[in-house]
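Here's the structure we're looking at; comments come further down.
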Amino acid sequence: MAFTLGMMPSPKQIERGDKTVEITKICSIKFITFDVFPDHIIQLLFHYHQLITYDEDCDFEESIQNVNLKVDGALKFEISLESNEQLYWVQNTKEEAYELEIDENLNIKIQAQNHWGLARALDTVNQLAINNEIENLPIDISDEPQYIHRGVMIDTARNFLPVKLIKRTIDALVINKLNVLHWHITDDESFPLLLSNYSQITNNSKYQKDGYFTKEDVQDIIQYASIRAVQIIPEIDTPAHVHSWGRSSELSEIIITCDTNIKQYGQLDPTLEFTYEVLKSVMQDLNDMFAKVQFIHFGGDEASIQCFEQKPSIKEFMDQHGIANYFDLQVYYRKRQKDIWINQIKSQKKIIYWYNKKDQLPADQDDIIQWWGLSSQLNEVKNRPNSFILSDFHPLYLDIGVGNAFGDRYDKYQAWKDVYKWNPKIPHNFQGNILGGETLLWGETNNQNTHFQKLFLRSSILSDTLWNPEIKKQEQFWKFTQRLSDMEDRMNKYGFPVSPFTHSYCKRQLQQCFPQLYSTKLELLFMFIIVYLI
Amino acid sequence: MPMPKAISKGDQVVKIENKCSIKYQANENQYPDFIMELLEHFHTLMTPKQCNFKESFGFTNDLGVMKIFMHIESLEQLYGIDTTQQEQYRLQIDDQLNIQIQVNNHWGLVRALNTLNQLSDKGEINHLPLIIEDEPTYSYRGILIDSARHFLSVQLIERTVDSLVMNSMNTIHWHITDDESFPLLLTEYPEITHSTKYSENSFYTINDTTRIVEYASKRGVQIIPSFDSPGHSMSWGMTKELADIMMMCGSTIKQYGVLDPTLEKTYQVLESILRDFYQMFKKVKFVNFAGDEVSKTCWDQRPEIKQFMQENNINDYYELQSYYRRRQKQLWKEVIKAEQDIIYLYRKEDNLPLDKEDIIHWWGYTDQLPDVADKPNRIILMDYFPLFIDAGFGNAFGNPYSVYHTWKEIYKWTPSLPEGSLNIIIGGEVPMWGETNNQNTHFNKLYMRTSVIAETLWNPKIKETEIFASFVKRLIEMEDRMTKQGFAVTPVTHGYCRKNTELCFPILNENEEQIITE
Chain A
1 MAFTLGMMPS PKQIERGDKT VEITKICSIK FITFDVFPDH IIQLLFHYHQ LITYDEDCDF
61 EESIQNVNLK VDGALKFEIS LESNEQLYWV QNTKEEAYEL EIDENLNIKI QAQNHWGLAR
121 ALDTVNQLAI NNEIENLPID ISDEPQYIHR GVMIDTARNF LPVKLIKRTI DALVINKLNV
181 LHWHITDDES FPLLLSNYSQ ITNNSKYQKD GYFTKEDVQD IIQYASIRAV QIIPEIDTPA
241 HVHSWGRSSE LSEIIITCDT NIKQYGQLDP TLEFTYEVLK SVMQDLNDMF AKVQFIHFGG
301 DEASIQCFEQ KPSIKEFMDQ HGIANYFDLQ VYYRKRQKDI WINQIKSQKK IIYWYNKKDQ
361 LPADQDDIIQ WWGLSSQLNE VKNRPNSFIL SDFHPLYLDI GVGNAFGDRY DKYQAWKDVY
421 KWNPKIPHNF QGNILGGETL LWGETNNQNT HFQKLFLRSS ILSDTLWNPE IKKQEQFWKF
481 TQRLSDMEDR MNKYGFPVSP FTHSYCKRQL QQCFPQLYST KLELLFMFII VYLI
Chain B
1 MPMPKAISKG DQVVKIENKC SIKYQANENQ YPDFIMELLE HFHTLMTPKQ CNFKESFGFT
61 NDLGVMKIFM HIESLEQLYG IDTTQQEQYR LQIDDQLNIQ IQVNNHWGLV RALNTLNQLS
121 DKGEINHLPL IIEDEPTYSY RGILIDSARH FLSVQLIERT VDSLVMNSMN TIHWHITDDE
181 SFPLLLTEYP EITHSTKYSE NSFYTINDTT RIVEYASKRG VQIIPSFDSP GHSMSWGMTK
241 ELADIMMMCG STIKQYGVLD PTLEKTYQVL ESILRDFYQM FKKVKFVNFA GDEVSKTCWD
301 QRPEIKQFMQ ENNINDYYEL QSYYRRRQKQ LWKEVIKAEQ DIIYLYRKED NLPLDKEDII
361 HWWGYTDQLP DVADKPNRII LMDYFPLFID AGFGNAFGNP YSVYHTWKEI YKWTPSLPEG
421 SLNIIIGGEV PMWGETNNQN THFNKLYMRT SVIAETLWNP KIKETEIFAS FVKRLIEMED
481 RMTKQGFAVT PVTHGYCRKN TELCFPILNE NEEQIITE
């Protein structure tokens, strides 16, 4: 039997007693430390103070005064961290590990390496204390995520998302112990990042007067995320998905507007020196604006051969330079891009690229591959000894199934149960290393009105899987739905308009409505066949 | 949106200078309360917060102020309508912003004011002088909301009415009860309500229903209350005293209940519920008794039913269902003496006999409409494809459920009947079934698709003449209007195509995206 204490994601190791203690003095909450809290930790504590004391109007200042006043019926945190350094990402799962002890007097001891582990521990306490009581005391939890990379992707190019919404998204990640916000900033449709040398790219493609992000916005978001133990991964996609780069007369030559029916797709001309001049400036801005991130995402997906074919001078260039085909041309572009990044800009940040069955350029060993193909096609990249982030098209695309930008049908909606059934599964002889996964919310039909409904609760389920994938093997399905239901209530309480996972009758009758994952034996048999085929 | 039927326009543009820009050319006491409330509703939509409604009455010649003269033939408050003439209006605006509105009653006034609001919401009015003569093609233009699967608060229902008003829609079909719960407080059998409600206060009292019916009526929207029987009625039998009138069926996962139509006690309970229903919804024009999806195998469970059928010459379950329906109707019309005509849900499988005044609510596929073609009844179209706007998000169990119907698919749909059909179309409806819908997703799922159906039901001909891109442009303007009024609607498209509608939407059928099926 699996003990989860009803938490989502479920902690790895739990020891528990049988006492229930009511939190009678919610405002007398205390945070105690032997050091002085640095500012970023105070802000993290303030964040959780607000969540824990949500229904009350409590004074945070009193909670961090370092006096040893122990009030009965109040939560008393004793926090010891090995390091007080502010981190913008973590390198291994140990850095998010934490030890948590709660005794019958509501003395809470938290031990962690740094503020990232602290954030996870505070979330656990908040989940345990959500109904103003804590059950199963004394509790001793020892916890650590299975995967280091647990994220969602948002897209600010198709519909602009304001800074405030991005911050709210971070808040939503934190209460799910998710730690990555992959920010697909630009695309064909717009380039809402204010550039220093080529501000016309931004201004020509923005949707409204102040529909773009400044350097201050970016730093604000990175700080906000770091304090809450979330890393930001910015993405600028090239050489395709760049129509927005070339909408001014000065820059129109560096892109080719692909000759498709309706959609305005653009591709960089990788044979022009001017292209690399602009690229360098954009990447320099990126490196400066995102100084404090670990990874940079350079996209690199969906470059179209037909589009390159539209411009005869490209073919000429290839002939002159011994570039055999358009695949090699893409490789050429990628090499030069990387050369600029590493040798000219001298950036230390590792690079992530999109990969699927069709997008398979050579990768250097330290490149990170984000997989957006089908799970069954992972075979295609199994010989690559790289680190992988999994965003399997089914079921991790949260945008699909509700029509595309043109009102036409676009694939199938991935139900929460589909996400639950997914596990980071690798083929035999897989040479790579799985860092984790991301759900993707592309923005063609998403804006602030639909954002949280599409992200959650499906991203909560991904979080559960990436934190503790083993739990599914032990836990009965209906108990999982109980945890999911509690998560839904929690998110509603904090004002996130998430999609309900079932109706209210089943919410009260989970055992009856969700007796097992596979409702028929036939379905189970079918799954076995699929697993066998993989 | 919807596009008016007849417009004659000039070429002048006049700015609305004054912020509190409406002056009703009337005395404050000239109109009954329900009209004053309607005027106040639009006053709130059309002017900034600081503008005082009371001060918008009186005579003025100010330029840059909309001076509204209203000619309303009847000052009777209506709770439902049955002809399209009742929503007719004539709107005339001259280049001094003198506005003449001519209507038969307050329902027409709502539509006229909505048109005026749309014309003026950018701070100016174009094409002056302007005369609009308008009337919907169908008198029934509605949505279905479902408060049985998730409880919907009174406030949310009122907000839903507000959203319909902006779209010149006129009907909420309120599917109140179902297997899962019965959130309508009954007088004799309150245990049905209390044993199935989802939280302490999540049920509707007679005060709530009266309030909702009034709120809607004042805004030109009719409420059509619905409780479903003899299927979809598990919630009736969750107490010991009433367990016998209901049979529980279904698989371990999906449980549903069907009434036992052979017990006199069933009709006792039914009569009492109908009585409550009548009292709670006295002023509505139609009621919907559904009657869909009655499981035949469910009745097999009880041998007594077979026995009863033999004794009463009922040959099969189809006739048993007809027997139930007859008795239900007898209670409604003869015992309770209710006047409201009854709407029943119909599709291929629920094809019971009908009386002449009954209304068919079609929820089958379009190509199955020949199944009811021989019935000379009024019909409301709710074709499963593409009008089911709840489909495509997975069902209550997290399993796949049908496909999502996009706004373009709804745009392509037009009310039509097979050749030779005797049905009379009175309108259409998009259903928002509630298994995976609550207040968080409500407006997301309803709009913009409901705006598209609103246009089709008001003015179906416009599609034949208007180019697709300009339709999309109007739809995007509607999206902005709704977002501005705080409705969390789903975007039509992304920001780039919003600004480039002609490029992105050149023709209706050109750009079918290839569906990835690998």
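Note that the protein sequences, when read in sequence, are chains A and B. Everything in the first sequence is counted per UniProt numbering, starting at 1 for the first residue and increasing by one. Everything in the second sequence is counted per UniProt numbering, starting at 1 for the first residue and increasing by one. Positions of the beta carbon are idealized from the N, C-alpha and C atoms, including for glycine. Every value quoted in this text rests on a predicted model; they were computed, and no experiment measured them.
**Asked** Comparing alpha-carbon positions, which option in A:Q111, A:A74, A:K94 lies nearest E104 (chain A)?
**Response** Here residue 104 (chain A) is taken as the residue at index 104 of the first sequence, counted from 1. E104 (chain A) has its Cα closest to that of A:A74, out of A:Q111, A:A74, A:K94.
**Request:** Tell me where the beta strand (DSSP E) around K350 (chain A) begins and ends.
**Result:** Here residue 350 (chain A) refers to the residue found at position 350 when the first sequence is read from its first residue. Element bounds for K350 (chain A): 350 to 355.
**Message:** Given this structure, state the Cα-to-Cα distance separating S142 (chain A) from S83 (chain A), to the nearest angstrom.
**Reply:** Translated into the one-based positions of the first sequence, residue 142 (chain A) becomes position 142. Translated into the one-based positions of the first sequence, residue 83 (chain A) becomes position 83. Whole-angstrom Cα-Cα distance: 19 Å.
**Prompt:** In whole angstroms, what is the alpha-carbon distance linking D383 (chain B) and S56 (chain B)?
**Reply:** Numbered from 1 along the second sequence, position 383 holds the residue referred to as residue 383 (chain B). Numbered from 1 along the second sequence, position 56 holds the residue referred to as residue 56 (chain B). One C-alpha to the other measures close to 44 Å.
**Request:** Kindly indicate if chain A contains any beta-carbon less than 9 Å away from that of F69 (chain B).
**Result:** As a first step, residue 69 (chain B) is located in the second sequence; it is residue number 69 there, counting from the start. No, no contact with chain A.
**Asked** By the 10 Å Cβ neighbour count, where 16 or more other Cβ atoms means buried, how is Q279 (chain B) classified, buried or exposed?
**Response** For the purposes of this step, residue 279 (chain B) is taken as residue 279 along the second sequence, with counting starting at 1. That one is exposed.
**Prompt:** For residue 538 (chain A), which residues in chain B fall below 8 Å Cβ to Cβ?
**Reply:** Only positions 1 to 534 of chain A appear in this structure, which leaves residue 538 (chain A) out of reach.
**Proximal residues of chain B, C-beta to C-beta of N204 (chain A) below 9 Å** = Against the first sequence, residue 204 (chain A) aligns to sequence position 204. Under the 9 Å cutoff, chain B gives no residues; its nearest Cβ is about 11 Å from N204 (chain A).
**Message:** Give me the subset of the segment 206 to 225 of chain A whose CB atoms are less than 7 Å from a CB atom of chain B, sorted by chain position.
**Reply:** Of all residues in the segment 206 to 225 of chain A, the ones placed with a Cβ closer than 7 Å to any Cβ belonging to chain B are Y207, in chain order.
**Request:** Please confirm if T414 (chain B) has its CB atom under 9 Å from at least one CB of chain A.
**Result:** Looking up residue 414 (chain B) in the second sequence gives position 414. No, because no Cβ of chain A sits closer than 9 Å to the Cβ of T414 (chain B).
**Prompt:** Which chain B residues are close to S281 (chain A), counting only those with a beta carbon under 7 Å from its beta carbon?
**Reply:** The residue labelled residue 281 (chain A) in the question sits at position 281 within the first sequence. Simply none; closest approach about 23 Å.
**Message:** With a threshold of 9 Å between beta carbons, is F514 (chain A) in contact with chain B?
**Reply:** Walking along the first sequence from the start, residue 514 (chain A) turns up at place 514. Yes, its Cβ sits closer than 9 Å to a Cβ of chain B.
**Item:** 8 Å Cβ shell around H43 (chain B) - same chain, five flanking residues per side excluded
**Value:** Position 43 of the second sequence, counted from the start, is the residue given in the question as residue 43 (chain B). The residues are I22, C51, F53, S56.
**Prompt:** Cα separation between R275 (chain B) and I223 (chain B)?
**Reply:** The sequence position of residue 275 (chain B) within the second sequence is 275, counting from 1. The sequence position of residue 223 (chain B) within the second sequence is 223, counting from 1. Straight-line Cα distance between these residues: approximately 18 Å.
**Asked** Quick one: is R334 (chain A) buried, meaning 16 or more other Cβ sit within 10 Å of its Cβ, or exposed?
**Response** One-based indexing of the first sequence puts residue 334 (chain A) at position 334. Per the 10 Å Cβ criterion, buried.
**Request:** Leaving out five residues on either side along the sequence, give the residues of the same chain with a beta carbon under 7 Å from the beta carbon of E133 (chain A).
**Result:** Counting from 1 along the first sequence, the entry for residue 133 (chain A) is found at position 133. Counting only Cβ-Cβ distances below 7 Å, and skipping sequence neighbours, we find T20, V21, E22, I23.
**Prompt:** Once you ignore the five residues that flank A303 (chain A) on each side, which residues in its own chain have a CB closer than 7 Å to its CB?
**Reply:** To locate residue 303 (chain A), count along the first sequence from 1; it is residue 303. Short of 7 Å from the beta carbon of A303 (chain A), and not among the five residues preceding or following it, lie these beta carbons of its own chain, in chain order: P239, A240, Q267, Q330.
**chain A contact for D179 (chain B) (CB, 9 Å cutoff)** = As a position in the second sequence, residue 179 (chain B) is number 179, starting the count at 1. Output row for D179 (chain B): interface = yes.
**Message:** Cutting at 6 Å between CB atoms, please list the residues of its own chain near L113 (chain B), excluding the five before and the five after it.
**Reply:** Within the second sequence, the letter at position 113 stands for residue 113 (chain B). Around L113 (chain B): F42.
**Prompt:** Taking the alpha carbon of Q516 (chain A) as the point to measure from, which residue in A:R490, A:G495, A:Q482, A:M491 has its own alpha carbon closest?
**Reply:** Taking the first residue of the first sequence as 1, we reach residue 516 (chain A) at position 516. Residue A:Q482 is the option with its Cα nearest to Q516 (chain A).
**Message:** Using a Cβ-Cβ cutoff of less than 8 Å, which residues in the same chain neighbour T84 (chain B) once the five nearest sequence positions on both sides are dropped?
**Reply:** For this step, residue 84 (chain B) is matched to residue 84 along the second sequence. Apart from sequence neighbours up to five positions away, the residues of its chain that approach T84 (chain B) with a beta-carbon distance below 8 Å are E135, P136, T137, Y138, S139, ordered along the chain.
**Prompt:** Within this structure, are the beta carbons of L91 (chain B) and V14 (chain B) separated by less than 9 Å?
**Reply:** As a first step, residue 91 (chain B) is located in the second sequence; it is residue number 91 there, counting from the start. As a first step, residue 14 (chain B) is located in the second sequence; it is residue number 14 there, counting from the start. No, the pair does not count as a contact, with Cβ atoms beyond the cut-off.
**Asked** Would you say I515 (chain B) reaches chain A, if we count a Cβ-Cβ gap shorter than 9 Å as a contact?
**Response** As a first step, residue 515 (chain B) must be located in the second sequence, where it is residue number 515. At I515 (chain B) the pLDDT is 40, less than 50, meaning the model places this residue with poor confidence and gives no usable figure here.
**Message:** Threshold first: 4 residues or longer. Then list the alpha helix (DSSP H) segments lying entirely within the segment 243 to 271 of chain A, N to C.
**Reply:** none
**Message:** Looking at D411 (chain A): is its Cβ nearer than 9 Å to the Cβ of I400 (chain A)?
**Reply:** The sequence position of residue 411 (chain A) within the first sequence is 411, counting from 1. The sequence position of residue 400 (chain A) within the first sequence is 400, counting from 1. It is a contact, given that the beta carbons lie within the stated cut-off.
**Request:** Taking K306 (chain B) as part of the alpha helix (DSSP H), name the residues at either end of that continuous run.
**Result:** Along the second sequence, read from residue 1 onward, the residue named residue 306 (chain B) stands at position 306. Residues 303 to 311.
**Length of the line joining the Cα atoms of S376 (chain A) and Y48 (chain A)** = Locating residue 376 (chain A) in the first sequence gives position 376, counting from the first residue. Locating residue 48 (chain A) in the first sequence gives position 48, counting from the first residue. So the two alpha carbons sit approximately 41 Å from each other.
**Asked** Is there contact between the segment 387 to 399 of chain B and the segment 424 to 440 of chain B, where contact requires at least three CB pairs shorter than 8 Å?
**Response** yes
**Item:** Q514 (chain B) versus D408 (chain A) - alpha carbon distance
**Value:** Numbered from its first residue, the second sequence carries residue 514 (chain B) at position 514. Numbered from its first residue, the first sequence carries residue 408 (chain A) at position 408. Residue placement at Q514 (chain B) is flagged as unreliable, the pLDDT there being 42, under the threshold of 50; the coordinate-derived value follows with that caveat. When rounded, the distance between both Cα atoms is 9 Å.
**Message:** Restricting to runs no shorter than 3 residues, where is the beta strand (DSSP E) found entirely within the segment 54 to 138 of chain A?
**Reply:** 76 to 81, 98 to 102, 107 to 112
**Asked** If you draw a straight line from the C-alpha of L417 (chain B) to the C-alpha of T156 (chain A), how long is it?
**Response** Residue numbering aside, residue 417 (chain B) sits at position 417 when the second sequence is read from its first letter. Residue numbering aside, residue 156 (chain A) sits at position 156 when the first sequence is read from its first letter. The straight-line gap from Cα to Cα measures roughly 45 Å.
**Item:** Option in B:S470, B:W413, B:R378, B:P303 with minimal Cα separation from L345 (chain B)
**Value:** For the purposes of this step, residue 345 (chain B) is taken as the residue at position 345 of the second sequence. The residue with the shortest Cα to Cα distance from L345 (chain B) is B:R378.
**Request:** Count the CB pairs spanning the segment 89 to 98 of chain A and the segment 48 to 65 of chain A that are closer than 8 Å, and state whether there are at least three.
**Result:** Verdict: no, contact absent.
**Asked** Counting pairs of beta carbons, one from the segment 292 to 299 of chain B and one from the segment 364 to 376 of chain B, are three or more of them closer than 8 Å?
**Response** Short answer: they don't touch.
**Message:** Please list, in chain order, the chain B residues whose beta carbon lies closer than 9 Å to that of T257 (chain A).
**Reply:** Sequence index remark: in the first sequence, residue 257 (chain A) carries index 257 (1-based). Result: empty, since nearest Cβ-Cβ is about 11 Å, beyond 9 Å.
**Prompt:** Would you report the Cα separation of V67 (chain A) and E78 (chain A), rounded to the nearest angstrom?
**Reply:** Here residue 67 (chain A) corresponds to residue number 67 of the first sequence, with the count starting at 1. Here residue 78 (chain A) corresponds to residue number 78 of the first sequence, with the count starting at 1. Looking at the two C-alpha atoms, the distance is approximately 12 Å.
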